[in-house]
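All remarks here apply to the structure that follows.
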Amino acid sequence: MTISILRVLPVAAISAVLLSCGSEEPTMPELSFEEALQEQLIRAQAGDVITIPAGVHEMTRSLSLNVPGVTIAGEGIDASVLSFKNQAQGAEGLLVSADDFIIRDLAIEDTIGDALKINESNNVQVLNVRTEWTGGALSSNGAYGIYPVQSYNVLIDGAVAIGASDAGIYVGQSSQIIVRNSRAEYNVAGIEIENSTFADVYDNVATNNTGGILVFDLPNLPVQGGRNTRVYSNDIIDNNTANFAPEGNIVASVPAGTGLMIMANDSIEVFENNFTDNGTANVLIVSYLINEIPITDPNYDPFPEAIYIHNNQYEGGGETPDSEPLALLQSATGQAIPDIVWDGMLASGKTAEQALCFKEAADTSFASLDASNGFAQPSFDARVHDCTMPLLAEITMSLPSQ
Amino acid sequence: MISGILRSAFVSALLTLFAACSDSSPVLHESERPLRLSEWNLFEITPGALTPHGSTVVFRPNNPLFTDYAHKLRTLWLPQGAKADLVNDELIYSVGTILSKTFYYPRANNGGLLKTSDANLGKIDLRQNQLIETRLLVRKSEGWDAFPYVWNDEQTEAFLRVAGASKAVVLSDSSSREATAFTYFVPNENQCAACHTTVHPNGDMHPLGAIYSQLNTTGSNATDQMLARGWIDELDFPRTASWQDDDAALEDRALAYLNMQCSHCHNPQGAADTSGLNLDTSASAAISRGVCKPPVAAGGGTGNLRYGIVPGEPEQSILLYRMRSEEPDEMMPELGRSLIHAEGIELISRWIAEMPGSC
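From first to last, the protein sequence lines are chains A and B.
For what it's worth, our numbering labels the leading residue of the first sequence as 458, then goes sequentially.
For what it's worth, our numbering labels the leading residue of the second sequence as -12, then goes sequentially.
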């Protein structure tokens, strides 16, 4: 009896004290699914698996993860959907800055900016992830679908990227990269490897983009000198979607109908791909000078060199060039644009065979555009490029298990 | 016997509670993450006013960040015996330091909120102002930690919102009477770190306002108070250019503005170094500052323009386009605002217009 009174009195006293402080038990607001998920991402510990249940989950703000060693796992590439249709804040859907990161089996849809940006992270695995803008190829779509940048050891496997107004799968300023078994469709650039080194891009399908696969190197960036990329066993088909990138972006200058485009990169091996019906050209190899943007970066090499193209298949293509010099070439020759087109620009002291070699079937056609002389004397003679280059090594990486 | 033990336990519990709501001292929480702002005891909250605890120093930086025209009340507190030492032109605050920033708006008669210039009040009259949020930056032994608290409508308590929050606001211009409806976003904890971690990704968070270069401000005696409390040694705080100072050179004002609004990401080690655009004060080539620089990954943020800054042509400059945008994927800064900052745009526009050269 005594004890119970003692219990009651202090409780009342404590309540009175709390009231006198002015905090009359205001209640904590409840969290939405979105807030709870973001809180989980912030409070995560290494080793955690954060699950996204099946269903469409509406997000209004960017999600972000900064904790290393975390896996985000859905229940399927079409089953677990993070939909940003009503996004009101943040320049991306999910922003990751965390090593040893795995994301798998989910979709990120209709983000206002980039869908999945992974900045300065090592050991990144993007597995069976779809990024998509569901309204089709619109310039108001976000720039990038899957976007690792300044990262090391990047594996993108089984991805689907649709509708990006820049690149569906874009790996920038990174090293040690594999992009495989993925599908890129209705983007301006399907798959782009930019200012990066040591990449393998294989067993992908790039179709209905403006340009199927791009391998670029650009000036004035902290990481440049793009080189050592292998592009092989890809289906690069019918990339003829009109360019819908906002002006000013480098991909806005990619002609619709480009299969593979190599700009200013060195040591690129292209083999066993299937190029079909890319209306401007199946393969375009150009210098950065083709953009006619002044270069102020003394450390930048604008010329592609050591490009080796062999054992690819070509079918159709080059019949609807979306490029003024190529359209002029087509009307001058009365023929489709050749399978492999090089702008013909060389660094001083370099020879044509140092820039480009190929070993292709005898009926593979070629043009060198003489771009540095205003396209005055294009050449169709492939003999000087009939050479080989050392094969590049396979990219291997050891990644934390899934 | 048992009741005696119980009694003394209750008495000490009561004493703790009384201590928490008297004005004894702010309370440092090293390991736990208090769900209520009041647990820090940084403010006295009465129905009429929010008053910073007497042991804090109210300060403001020379170049405040723009946040949707919110007014800000900033406090600094160091525990007994703690100091801030100057090392390499940086104030290094001791463990236990607590910085707070309370965001609020004056109330309009129509129930909405008023857009007026920040009066830099030392305490907030709650009958005339609406509190939105209070952010804390706390120096723990392992580094700075961020806590976003959001006020309830009754202005009696603010709650920790790890994942941030949003609030519908109607802001009326006090002179033109024009009303703007927008969503005010309270950052989540990662977004706090996105700005306060200037060396990305592995740097620590650190303050952006209570720093050596920003504390010498007209009309503020914060540094004198810090000295009087023994928090700092006698220091010669530099007077850096303020973007609001009409007497300063246009270029200095513009660079001060860009430094404060942009350089936490746009510096050579920041999260936005991927763009190659640096807007900090480190001397760099014009192209690194955006002059005749093509964009890299701007997407729709290019506004269909070709260069970051085109000298003499503000309308052709992506920098200005992104300052004018309210689209989340285009606007800069990416975080911290929903509205555009007309006064900043006017300044940068004039700076570009007067810049010599061409692209």
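All C-beta atoms, glycine included, are put in the ideal place defined by N, C-alpha and C.
All values reported here derive from a predicted model rather than from experimental measurement.
### Task
Please report the residue range of the beta strand (DSSP E) in which A/GLY547 lies.
Residue mapping note: residue 547 of chain A aligns to position 90 of the first sequence, counting from 1. Here the beta strand (DSSP E) through A/GLY547 covers 546 to 553.
### Query
Any residues in the stretch 17 to 44 of chain B with a beta carbon nearer than 8 Å to a beta carbon of chain A? Which ones, in chain order?
LEU22, ARG23, SER25, ILE32, THR33, PRO34
#### Entry: Simplified DSSP assignment, three categories, for B/HIS58
The residue labelled residue 58 of chain B in the question sits at position 71 within the second sequence. Looking at B/HIS58 - three-state DSSP - the assignment turns out to be strand.
### Task
Go ahead and pull the three-state DSSP assignment for A/LEU498.
Taking the first residue of the first sequence as position 1, residue 498 of chain A is located at position 41. In the structure shown, A/LEU498 sits in a helix (DSSP, three-state: H, G or I).
### Message
7 Å is my cut-off, CB to CB: does B/ASN291 come that close to chain A?
### Response
Here residue 291 of chain B refers to the residue found at position 304 when the second sequence is read from its first residue. It does: the Cβ of B/ASN291 has a partner Cβ on chain A nearer than 7 Å.
### Message
Just checking: is the beta-carbon of B/ILE119 within a distance shorter than 7 Å of some beta-carbon in chain A?
### Response
Position 132 of the second sequence, counting from 1, holds the residue named residue 119 of chain B. Not an interface residue.
### Message
Out of A/VAL680, A/VAL662, A/GLY682, which one is the CA nearest neighbour of A/ASN730?
### Response
One-based indexing of the first sequence puts residue 730 of chain A at position 273. When only C-alpha atoms are compared, the closest one is A/VAL662.
### Query
For A/PRO835, which of A/ASN722, A/THR790, A/ARG637, A/ALA738 has the nearest alpha-carbon?
If you number the first sequence from 1, residue 835 of chain A lands on position 378. Nearest option by C-alpha distance: A/THR790.
### Query
Near B/LEU306, which residues of its chain fall below 6 Å by C-beta distance, leaving aside the five closest residues on each side in sequence?
In the second sequence, counting from the first residue as 1, residue 306 of chain B sits at position 319. Around B/LEU306: GLY277, GLY295, ILE296.
#### Entry: Touching by the beta-carbon criterion (3+ pairs, under 8 Å), the stretch 121 to 130 of chain B and the stretch 81 to 89 of chain B
yes
### Message
Once the 5 residues before and after B/ILE332 are set aside, which same chain residues still bring their CB inside 8 Å of it?
### Response
On the second sequence, residue 332 of chain B is found 345 positions in, with the first residue counted as 1. Only LEU307, MET310, ARG311 meet the Cβ criterion.
### Query
Secondary structure at B/LEU245, three-state DSSP: helix, strand or coil?
The sequence position of residue 245 of chain B within the second sequence is 258, counting from 1. It is helical.
### Query
Can you give the beta carbon distance from A/GLU776 to A/THR733, rounded, assuming they're within the 8 Å contact cut?
Translated into the one-based positions of the first sequence, residue 776 of chain A becomes position 319. Translated into the one-based positions of the first sequence, residue 733 of chain A becomes position 276. Contact flag wrong, Cβ pair sits at about 12 Å.
### Query
Would you say B/ASN254 and A/SER521 are within 7 Å of each other, going by their C-beta atoms?
Counting from 1 along the second sequence, the entry for residue 254 of chain B is found at position 267. Counting from 1 along the first sequence, the entry for residue 521 of chain A is found at position 64. Taking 7 Å as the Cβ cut-off, B/ASN254 and A/SER521 do not qualify as a contacting pair.
### Query
Going by other Cβ atoms of all chains shown within 10 Å of its Cβ, with 16 needed for buried, is B/SER9 buried or exposed?
Taking the second sequence and counting its residues from 1, the one referred to as residue 9 of chain B is at position 22. Because the pLDDT at B/SER9 is just 49, under 50, the model does not fix this residue reliably, and the value given afterwards should be weighed accordingly. Answer is exposed; the Cβ neighbour count stays below 16.
### Task
Could you check the C-alpha separation between B/LEU292 and A/ALA828 for me, to the nearest Å?
Along the second sequence, read from residue 1 onward, the residue named residue 292 of chain B stands at position 305. Along the first sequence, read from residue 1 onward, the residue named residue 828 of chain A stands at position 371. Rounded to the nearest angstrom, the two C-alpha atoms are 25 Å apart.
### Query
How would you list, in chain order, the residues of chain A whose beta-carbon sits under 7 Å from the beta-carbon of B/ILE274?
Counting from 1 along the second sequence, the entry for residue 274 of chain B is found at position 287. Near B/ILE274 (Cβ distances below 7 Å), the residues of chain A are ASN677, THR753.
### Short Cβ contact (7 Å threshold) for B/ASP55 with B/LYS102
By one-based count along the second sequence, residue 55 of chain B stands at place 68. By one-based count along the second sequence, residue 102 of chain B stands at place 115. Their beta carbons are not under 7 Å apart, which means B/ASP55 does not touch B/LYS102 by this criterion.
### Task
Kindly indicate the opening and closing residues of the beta strand (DSSP E) around B/LEU100.
Mapped onto the second sequence, residue 100 of chain B falls at position 113. 100 to 102 is the span of the beta strand (DSSP E), which, as asked, contains B/LEU100.
### Message
Between A/ASN523 and chain B, is any beta-carbon pair separated by less than 7 Å?
### Response
Translated into positions along the first sequence, residue 523 of chain A becomes position 66. True, the Cβ-Cβ gap to chain B drops below 7 Å.
### Query
Got a sec? Which residues, its chain only, sit under 7 Å from B/ASN49 by beta carbon, not counting five neighbours each side?
Mapped onto the second sequence, residue 49 of chain B falls at position 62. Within the same chain, B/ASN49 has close Cβ partners GLN201, ASN203, THR204, THR227, SER229.
### Minimum length 3: unbroken beta strand (DSSP E) runs contained in the stretch 560 to 612 of chain A
571 to 576, 579 to 589, 601 to 606
### Sequence-distant residues of the same chain with beta carbon closer than 7 Å to B/ASN107, five excluded per side
Sequence index remark: in the second sequence, residue 107 of chain B carries index 120 (1-based). The residues are ARG47.
### Message
Within 7 Å of any Cβ in chain B, is that where the Cβ of A/ILE499 sits?
### Response
Numbered from 1 along the first sequence, position 42 holds the residue referred to as residue 499 of chain A. Yes - at least one Cβ of chain B is within 7 Å of the one on A/ILE499.
#### Entry: Where A/MET718 sits in the DSSP three-state scheme
Position 261 of the first sequence, counted from the first residue, corresponds to residue 718 of chain A. Looking at A/MET718 - three-state DSSP - the assignment turns out to be strand.
### Task
Taking B/ASP282 as the query, report the chain A residues whose CB atoms sit under 7 Å from its CB, ordered along the chain.
Within the second sequence, numbered from 1, the residue matching residue 282 of chain B stands at position 295. Per the sequence presented here, residue 282 of chain B reads as Pro, with Asp not at that position. Within 7 Å Cβ-Cβ: GLY705, ASN706.
### Query
Quick one, which residues of the stretch 174 to 186 of chain B are near chain A if we go by CB-CB under 8 Å, in chain order?
ASN175, GLU176, ASN177, GLN178, ALA180, ALA181
### Message
Give me the chain A residues within the contact set of B/ASP267, using Cβ-Cβ distance strictly less than 8 Å, ordered along the chain.
### Response
Working through the second sequence from its first residue, we reach residue 267 of chain B at position 280. The premise fails here: B/ASP267 is roughly 14 Å from chain A at the closest Cβ pair, so nothing lies under 8 Å.
### Task
Give the residues of chain B in contact with A/MET485, contact being defined as C-beta atoms less than 7 Å apart.
Reading the first sequence from its first residue, position 28 is the one you call residue 485 of chain A. Within chain B, the residues near A/MET485 are LEU22, PHE146.
#### Entry: Assigned secondary structure, A/CYS478 (DSSP; H/G/I helix, E/B strand, else coil)
Numbered from its first residue, the first sequence carries residue 478 of chain A at position 21. The pLDDT assigned to A/CYS478 is 47, lower than 50, so where the model puts this residue is not dependable; a value taken from the coordinates is nonetheless given after this. Note: A/CYS478 maps to coil in three-state DSSP.
### Query
Could you give the uninterrupted runs of the alpha helix (DSSP H) lying entirely in the stretch 168 to 250 of chain B, keeping only those of 4 residues or more?
176 to 183, 209 to 215, 237 to 249
### Message
Just to check my reading of the structure: A/ALA812 and A/LEU803 have Cβ atoms closer than 8 Å, yes? What is that Cβ distance to the nearest angstrom?
### Response
Translated into positions along the first sequence, residue 812 of chain A becomes position 355. Translated into positions along the first sequence, residue 803 of chain A becomes position 346. About 6 Å; that satisfies the 8 Å criterion.
### Query
Between which two residues does the beta strand (DSSP E) harbouring A/ILE634 extend?
Position 177 of the first sequence, counted from the start, is the residue given in the question as residue 634 of chain A. Looking at the DSSP string, the run of the beta strand (DSSP E) that includes A/ILE634 is 632 to 637.
### Message
Which residues of the stretch 581 to 613 of chain A have a Cβ closer than 9 Å to any Cβ of chain B? Give them in chain order.
### Response
SER596, SER597, ASN598, GLY599, ALA600, TYR601, TYR604, VAL606, GLN607
### Query
Between the beta-carbon of A/CYS814 and the beta-carbon of A/TYR757, is there less than 7 Å?
Counting from 1 along the first sequence, the entry for residue 814 of chain A is found at position 357. Counting from 1 along the first sequence, the entry for residue 757 of chain A is found at position 300. Going by C-beta atoms, A/CYS814 is not nearer than 7 Å to A/TYR757.
### Message
Only counting the same chain, and skipping five residues up and downstream in sequence, which positions put a Cβ closer than 6 Å to that of B/LEU65?
### Response
Counting from one through the second sequence, the residue named residue 65 of chain B turns up at place 78. THR84, TRP218.
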